[in-house]
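Peer 1: Numbering that gives the first Met the number 0 applies: residue 0 is where the sequence shown begins, and numbers increase by one.
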Amino acid sequence: MAPRTPRYRLDPGVRPRRVHVHVEVDPQQGSAFRGEVALEIELDKSRRSIRLHAIDLKVSKPRIEIAGRVHRGRVTKLPATGMIAVHFDKSIPAGTAVLRLGFAGRLRKDLCGLYGVSVGKRRYAFTQLEAADARKFFPCFDEPSLKARFSISVTTGAANKVISNGPVRRTERLAGRRKTVHFAETPPLSTYLVALAVGDLEASKPVSLGPTEIRIWHTPGKRAQTSFGLETARECLQRLEHYFGLPYPYSKLDLVAVPDFEFGAMENAGAIFFRETLLLIDSRSATLNEKKRAAEVICHELAHMWYGDLVTMAWWDDLWLNEAFATWMAFKVLDDWKPEWKMWLDFQHGTASALELDALRHTHPIYCHVRTPEEADENFDRITYEKGAAVVRMIERYLGAATFRRGVRAYIRKHQEGNTVAADLWNALSKASGEDVARLVRPWIEQEGYPVVEIRRVKSRGRPALEFRQRRFLEQGARKRAGSRKPPTRWPIPWVGRIGGARKGGRGMLERHLLSGARVRIPLKHTPRFIYGNADEGGFFRPLHDADEIRRLSESLGSLKAVERMGLIDHQWALVRAGQSNIGSMLDLAAGFAHEADADVLATLRKPLSFIVGSLIPNAAPECRAPMQAWLLDHFEEPFARLGWKPAVQEPGEIRLRRAALLGIVGGISESPGALETSASHCDRYLADRRSIDANLADAIVSLGARLGDAALYRRFVDAAMTSASAQEKRRFLLALGDFRDEKLINKTLAFALTDAVATQDVAFLLMRLFANSAARERTWAFTMRRWDRIRKRVPPHLCSYLIEMTPALLTNEYKREVAKFFRTNPVPTGERALRQALERFDWYRGFRIPAAKALAKWLEI
Ligand SMILES: [Zn+2]
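#1: How should glycine 72 be labelled, buried or exposed, when 16 other C-beta atoms within 10 angstroms of its C-beta is the threshold for buried?
#2: Select from Ala735, Leu51, Pro450, Leu236 the residue whose C-alpha is nearest the C-alpha of glutamate 300.
#3: Relative to ligand 1, is the shortest distance from any of its heavy atoms to the C-beta of glutamate 266 smaller than 7 Å?
#4: With 16 as the cutoff for other CB atoms within 10 Å, does isoleucine 861 come out buried or exposed?
#5: Just the C-alpha distance for glutamine 628 and phenylalanine 821, rounded to the nearest angstrom, thanks.
#6: When the Cα atoms are used, what is the spatial distance from tyrosine 191 to tyrosine 844?
#7: Whole-angstrom Cβ separation of leucine 662 and alanine 674, contact assumed at under 8 Å?
#8: Is leucine 254 close to chain B? Criterion is C-beta to C-beta, closer than 8 Å.
#9: Is it a yes or a no for the region 284 to 299 touching the region 326 to 341, going by three-plus beta-carbon pairs under 8 Å?
#10: For glycine 12, which of Pro26, Val20, Ser48, Val18 has the nearest alpha-carbon?
#11: Measure the C-alpha to C-alpha separation of threonine 779 and phenylalanine 770 and round it to an integer number of angstroms.
#12: By the three-class DSSP mapping on this structure, what secondary structure does proline 672 have?
#13: Going by beta-carbon coordinates alone, are leucine 77 and valine 85 separated by less than 8 Å?
#14: Using C-beta distances below 8 Å, list every residue in its chain close to proline 2, excluding the 5 sequence neighbours before and after it, in chain order.
#15: Run through DSSP, which three-state label would glutamate 466 get?
#16: Using DSSP bridges, identify the partner residues of methionine 565.
#17: What's the gap between the Cα of glutamine 727 and the Cα of phenylalanine 751?
#18: With distances taken between CB atoms, is the gap from leucine 509 to valine 519 smaller than 8 Å?
#19: I'd like to know whether the C-beta atoms of lysine 386 and phenylalanine 539 end up nearer to each other than 8 Å.
#20: Residue ranges of each beta strand (DSSP E) run of no fewer than 3 residues wholly in the region 509 to 538, ordered along the chain?
#21: For tryptophan 336, name the three-state secondary structure that DSSP assigns.
#22: Could you tell me the distance, in whole angstroms, from the CA atom of glutamate 434 to the CA atom of leucine 320?
#23: Let me know the secondary structure DSSP gives cysteine 682 once reduced to three states.
#24: Buried or exposed for alanine 763, please, with buried defined as at least 16 other CB atoms from any protein chain shown within 10 angstroms of its CB.
#25: Taking just the CA atoms, how far does serine 59 sit from histidine 862?
#26: Per DSSP, what are the beta-bridge partners of leucine 113 in this structure?
#27: Using a Cβ-Cβ cutoff of less than 6 Å, which residues in the same chain neighbour threonine 95 once the five nearest sequence positions on both sides are dropped?
#28: Three or more beta-carbon pairs under 8 Å between the region 393 to 405 and the region 367 to 380, yes or no?
#29: What do you get for lysine 173, buried or exposed, if any count of 16 or more other CB atoms within 10 angstroms of its CB means buried?
#30: Which whole runs of the alpha helix (DSSP H) in the region 382 to 440 are 4 residues long or more, in chain order?
#31: Please report the residue range of the beta strand (DSSP E) in which glycine 704 lies.
#32: Is it the case that the Cβ atoms of arginine 33 and phenylalanine 102 are separated by a distance below 8 Å?
#33: Taking the alpha helix (DSSP H) that lysine 815 falls in, what are its first and last residues?
#34: Return the bridge partner residues of lysine 316 from the DSSP annotation.
#35: Three Cβ pairs or more, each shorter than 8 Å: is that satisfied between the region 611 to 620 and the region 841 to 856?
#36: For the beta strand (DSSP E) holding glutamate 261, just list the boundary residues, first then last.
Structure, rendered in structure tokens:
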């Protein structure tokens with residue numbers, strides 16, 4: 000007997016080959032749309048009925064054409080699975096047939112399927128179909144391995160522009176100022192990569208790379224903001240073609256700035272959609288970080304054109320094959336194009352946030368079993384993206400960049416236009432390297448969590464040596480299961496350490512070993528001045544050094560790379576959180592960074608400092624507030640004062656970013672009255688003239704300005720959020736509404752967040768900002784419970800889980816119980832894991848609170 004197809008999966012014996020979709024939609028005239036779909040299918044054996052996907056669509060006129068004869072069918076709904084079944088009176092024989100269906104629906108409001116967006120009086124329709132929402136646009140076989148060639152045609156008002164995956168083949172003029180646009184047939188695509196945009200859009204002039212024309216589409220009046228995105232796309236595409244050794248796989252490249260969009264961007268084949276902030280850049284007012292982030296996302300999506308679109312994972316359990324690779328690739332390509340951007344430091348922020356999440360018991364392996372679309376949606380997280388990318392990078396470093404690329408090229412070439420599972424990649428990499436790659440990498444992909452590697456100096460036969468021990472790193476220690484005989488988790492660790500030479504200065508040397516046992520010893524040639532246990536932060540693990548080694552490292556900070564200094568801070572803070580190190584030793588280490596030159600290192604330091612000052616102290620150690628802030632000012636105010644507020648002429652970007660990072664510590668955390676007042680007056684001037692300060696200070700100044708701000712300033716922020724010409728500025732002012740501390744203004748922002756003035760894509764981010772504001776978080780939680788029905792309507796499912804993630808900011812056990820109870824009664828299917836993680840974080844804090852508060856008071860000598 001053949002195994003039964005799981006309930007949530009389609010019958011694998013029915014495969015679409017070609018899909019013709021015709022849709023009539025004119026968002027300017029109303030939100031109804033309708034169309035017909037003709038699916039050319041191949042059946043492996045005869046059947047009386049065919050299942051496919053359709054949600055919230057009225058499906059009509061089912062019929063099937065076999066060898067020129069048409070048979071009528073009848074449709075039943077299978078709502079639990081998002082499917083419909085089309086039944087026929089006669090058996091449909093094995094072979095080919097054409098299934099035809101009419102469909103009708105309404106433009107959605109929740110940013111998925113085919114949805115409507117208003118910008119002033121203009122109305123648009125856009126698609127967002129990943130993971131499983133093509134079925135909300137037209138009836139289809141909505142699984143990634145059921146690739147088909149799509150021919151799309153759209154009937155709409157003559158004034159609308161229409162964009163889809165392929166180039167326009169021809170446009171028919173129709174009566175009544177209407178037209179039908181026919182697009183060229185696509186290469187084989189998964190349904191989630193189909194795209195459509197309709198409305199009053201304008202295009203930039205194209206730039207070309209070989210035969211490929213690249214355009215940016217946007218709502219009217221934004222052409223001046225397209226040059227950065229075009230240049231980035233061209234530079235990245237060229238490097239990606241070179242990396243893969245295969246030309247760009249589609250016949251044109253449209254980049255579309257969508258005014259309301261749930262995700263950062265979506266890699267629709269040949270028609271990539273973005274949030275406006277991640278594609279349109281006003282070069283004069285955007286910060287360097289905004290440009291870097293936009294470039295990273297553009298490059299990530301372009302990498303998907305090969306890795307994801309041309310070669311696609313067979314099912315959502317291997318989503319990481321797409322996302323880990325595209326995430327890593329974007330940094331690699333941008334580092335090659337703009338080495339001065341130091342993109343690997345940005346990468347490290349991502350790795351650090353994955354290490355933090357993956358230290359929870361309720362984490363998941365990179366490879367994750369997925370049954371339903373909701374479960375697939377939960378996997379779009381930092382484990383799949385950032386941990387996945389860090390593991391890809393670790394493997395590349397171990398195999399060597401050239402060998403790794405040889406394997407990737409062979410993999411892409413062999414599977415182009417098809418689907419893969421992880422083993423296909425391991426096979427290609429093994430062939431290229433001669434190593435058993437699967438044995439090395441599978442524990443990292445298939446086991447949850449990661450190791451902490453304890454490094455000790457020992458003597459081996461009278462000579463210096465290192466001893467390594469590994470165990471799983473958990474923020475709350477290991478869970479003891481009675482009677483569990485499962486052996487402890489181990490990883491094969493491609494270890495690279497930095498070993499300080501005998502003389503002072505210099506970067507030291509790298510030592511490489513593949514550590515596979517629980518305990519390993521390696522001999523050294525000399526007694527090292529220091530040992531840093533994760534060179535370049537190239538490995539996805541935490542090194543654990545003893546107190547003497549930390550002291551040696553603090554004396555040799557100049558010998559570590561910036562990325563290693565970031566790692567050192569982050570690992571030490573994690574060890575403090577896990578109760579394996581003392582909060583005082585962390586702050587002693589922090590003191591050594593007062594004159595730190597690199598903004599990313601300072602940004603890393605902000606995380607522990609702001610948790611201590613913004614959460615631990617108010618909740619558990621209020622008497623520490625003044626001495627702690629005084630200590631911070633003692634160390635960081637002077638370096639900030641030395642830089643001054645105004646950049647020197649031609650001052651390099653690095654120093655500008657350092658100034659902004661220091662202001663975050665001096666103004667944001669230490670609350671220096673001088674820095675707050677000066678920020679407020681700069682904020683005032685910035686509102687009147689956006690060039691009055693260096694753009695890189697804008698985020699800090701606007702946020703600090705809001706802290707002291709009154710109702711008059713609030714009104715000016717709302718006005719700027721509504722009317723600024725640049726998407727980044729709009730976002731900056733909108734989110735800063737969440738930073739006001741005045742009670743009345745907090746209430747105002749809460750109410751405002753749910754009005755239509757805030758785009759659907761931004762509602763969750765504004766509420767998250769309020770959760771991060773210590774003066775607003777409790778009020779925000781009460782509001783969330785009270786207005787939950789409306790919040791569910793305004794916050795798309797994926798972003799709902801972000802809100803759940805913010806709840807541990809409430810800290811106390813009473814709130815934990817309330818959060819647990821509330822989401823038990825009001826479940827969020829895409830946020831179940833996020834909820835378990837949030838509750839675990841509450842538990843962690845309960846254990847951390849008292850010992851940490853005591854240790855802090857002791858260290859401050861109060
Ligand atoms: Zn992606």
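For glycine and all other residues, C-beta sits at the position ideal for the given N, C-alpha and C.
Peer 2: Here's the rundown:
#1: Only buried fits glycine 72, as 16 or more other CB atoms lie within 10 angstroms of its CB.
#2: That would be Leu236, whose Cα lies nearest to the Cα of glutamate 300.
#3: Yes, ligand 1 has a heavy atom inside 7 Å of this Cβ.
#4: Exposed, since its Cβ has fewer than 16 Cβ neighbours within 10 Å.
#5: When rounded, the distance between both Cα atoms is 36 Å.
#6: Answer to the nearest angstrom: the Cα atoms are 40 Å apart.
#7: 7 Å between Cβ atoms; contact.
#8: Within the model displayed, chain B is absent; a lone protein chain is all it includes.
#9: Contact holds between the region 284 to 299 and the region 326 to 341, because three or more Cβ pairs, one in each stretch, are under 8 Å apart.
#10: Among Pro26, Val20, Ser48, Val18, the Cα nearest to that of glycine 12 belongs to Ser48.
#11: Rounded to whole angstroms, threonine 779 to phenylalanine 770 spans 6 Å at the Cα level.
#12: DSSP places proline 672 in helix when its eight states are reduced to three.
#13: Result no, Cβ atoms of leucine 77 and valine 85 do not sit closer than 8 Å.
#14: Because the pLDDT of proline 2 is 48, which lies under 50, any placement of that residue in the model is unreliable, and the number read from its coordinates should be weighed accordingly. Excluding positions up to five away in sequence, the list is empty.
#15: Strand at glutamate 466.
#16: DSSP links methionine 565 through a beta bridge to no other residue.
#17: Glutamine 727 and phenylalanine 751: Cα-Cα distance of roughly 19 Å.
#18: Inclusion of leucine 509 and valine 519 in the CB contact set at 8 Å is not warranted, their separation being larger than that value.
#19: Yes, the pair counts as a contact, with Cβ atoms nearer than the cut-off.
#20: Runs of the beta strand (DSSP E) inside the region 509 to 538: 518 to 522.
#21: Reduced to three states, the DSSP call for tryptophan 336 is helix.
#22: A straight line joining the alpha-carbon of glutamate 434 with that of leucine 320 spans about 20 Å.
#23: Cysteine 682: helix per DSSP, three-state reduction.
#24: Flag for alanine 763 reads buried.
#25: The first residue shown for the chain is 0 and the last is 861, placing residue 862 beyond what the model contains.
#26: The partner list for leucine 113 (beta bridge, DSSP) reads Thr126.
#27: If we look at threonine 95 and ignore the five residues flanking it on each side, its Cβ neighbours are Glu41.
#28: No, they do not touch.
#29: Contrary to the premise, residue 173 reads as leucine rather than lysine in this sequence. Exposed, because fewer than 16 other Cβ atoms sit within 10 Å of the Cβ of leucine 173.
#30: With a minimum length of 4 residues, the continuous alpha helix (DSSP H) runs that stay inside the region 382 to 440 are 387 to 398, 400 to 414, 421 to 432.
#31: Where glycine 704 is concerned, there is no enclosing beta strand (DSSP E), although the alpha helix (DSSP H) it sits in stretches over 697 to 707.
#32: Yes, they are a contact pair.
#33: Element bounds for lysine 815: 812 to 824.
#34: For clarity, residue 316 is aspartate in the given sequence; the question names lysine instead. In the DSSP output, where bridge partners are listed per residue, aspartate 316 has none listed.
#35: At 8 Å Cβ cutoff, the stretches touch.
#36: Note, glutamate 261: premise wrong, no beta strand (DSSP E); not H, not E.
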